[in-house]
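The opening residue of the sequence shown carries number 0 in numbering that gives the first Met the number 0; numbering runs sequentially from there. Even for Gly, the Cβ is constructed at its ideal location relative to N, Cα and C. Down below is the structure, laid out as structure tokens.
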Amino acid sequence: MEQIELKTANREILGKKVRFLRRQGITPLHLFGHGIESVALQSETANLRRVLAEAGKTRIVSLKLNNEKIPRNVMVREVQIEPLTGGLLHVDFYQVRMAEKVKVEIPVILLGEAPVLKLKENMLVQELSILTVECLPAKIPASVAVNLSSLTEPEQVVRVKDLELDKEVTALRDPEVVVVRISSRPVEVVEKEREAAAVKAPEAIPSAEEEAKEE
0 MEQIELKTAN REILGKKVRF LRRQGITPLH LFGHGIESVA LQSETANLRR
50 VLAEAGKTRI VSLKLNNEKI PRNVMVREVQ IEPLTGGLLH VDFYQVRMAE
100 KVKVEIPVIL LGEAPVLKLK ENMLVQELSI LTVECLPAKI PASVAVNLSS
150 LTEPEQVVRV KDLELDKEVT ALRDPEVVVV RISSRPVEVV EKEREAAAVK
200 APEAIPSAEE EAKEE
């Protein structure tokens with residue numbers, strides 16, 4: 000997997016004055032971590048947006064400071080966005096130690112089709128869309144998938160304990176928590192939906208010639 004790099008510089012402008020940086024296309028950053036002093040940084044907004052899109056909160060970013068030769072391994076911890084304009088306000092990065100486990104949230108994605116859904120009275124309900132896991136930084140999965148093709152029976156469920164995770168990745172949720180379930184709806188509800196969806200064919204409007212023949 001290609002390494003994600005971000006160039007940064009030490010930031011001397013602090014507090015409310017950082018708005019002047021944003022006007023120049025620069026976003027204020029903050030770097031902190033276990034056993035290190037927090038550092039105020041800044042980075043070009045355009046490049047930072049690209050990094051955020053690629054890394055999300057699950058991939059390691061190689062953060063380069065302008066006064067350091069060796070890059071730091073960091074992860075995105077928090078992103079502040081201006082609600083009206085969508086502009087970047089501030090980003091926090093957390094420096095990780097590659098030999099120490101971290102806790103991260105990964106998305107639960109659904110793959111394939113559930114055979115049981117061929118019956119209209121059955122519906123799929125996803126109860127869990129985010130799963131918190133613990134592992135070494137290099138082992139963080141981008142997501143965890145649920146294979147829907149295994150769902151063949153009404154009221155069937157997939158629990159956290161059924162998810163396929165690498166042996167070095169630990170799910171930090173009760174193993175019995177339901178991730179996905181098949182719910183059966185009452186026949187009456189299904190019939191009403193079918194009736195509402197049915198579209199009656201419009202009555203044919205006779206042409207002028209047909210009307211003349213009838214006369």
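Span separating the alpha-carbon of residue i from that of residue j
i    : j    : result
R58  : A141 : 8 Å
G32  : A39  : 13 Å
E214 : L118 : At E214, the pLDDT of 49 sits below 50, so the modelled position is not reliable; the number obtained from the coordinates is stated separately. Roughly 51 Å between the two C-alpha positions.
V156 : V103 : 25 Å
V50  : L5   : 7 Å
A98  : F92  : 18 Å
P136 : L164 : 15 Å
V78  : I12  : 19 Å
V101 : R184 : 41 Å
D161 : R96  : 30 Å
E152 : S182 : 10 Å
T26  : V178 : 38 Å
R158 : V176 : 5 Å
G86  : G34  : 32 Å
M74  : I139 : 11 Å
P114 : R48  : 40 Å
Coarse secondary structure for residue i, derived from DSSP in three states
i    : result
E214 : Any reading at E214 is ruled out, since the residue's pLDDT is 49, under 50, leaving its predicted position unreliable.
P82  : coil
V60  : strand
R22  : helix
A170 : strand
P153 : coil
S17  : Strictly speaking, residue 17 in this sequence is Val, with Ser absent from that position. Here V17 sits in helix by DSSP.
K95  : Note that residue 95 corresponds to Val in the displayed sequence, not to Lys. V95 falls in the coil class under three-state DSSP.
Beta-bridge partners of residue i, as assigned by DSSP
i    : result
M122 : S182
V145 : L109
A45  : None, per the DSSP bridge assignment.
D165 : Looking at the DSSP assignment, D165 forms no beta bridge with any residue, so it has no partner.
K6   : K63
R71  : L62
Own chain partners of residue i with C-beta closer than 7 Å, once the 5 adjacent residues on each side are dropped
i    : result
E154 : I181 and S183
V143 : I105, V107, L130, L162 and L164
T44  : G24, I25, T26 and L87
Same chain only: Cβ atoms within 6 Å of residue i, ignoring 5 sequence neighbours per side
i   : result
A8  : Q41 and N65
V90 : L28 and V78
Residues of its chain near residue i, where Cβ-Cβ distance is below 8 Å and the 5 sequence neighbours each way are ignored
i    : result
E112 : L147 and S148
I3   : V50, E53, A54, R58, I59, V60 and S61
K56  : M74, V75, R76, V103 and E104
Q | Contact the region 98 to 109 vs the region 122 to 137: 3+ CB pairs below 8 Å | A | yes
- Say whether the region 130 to 139 touches the region 161 to 176, bearing in mind that this needs 3 or more beta-carbon pairs closer than 8 Å, one atom from each stretch. yes
Stretch-stretch touch, CB-based, cutoff 8 Å, three pairs: the region 19 to 26 with the region 54 to 68: no
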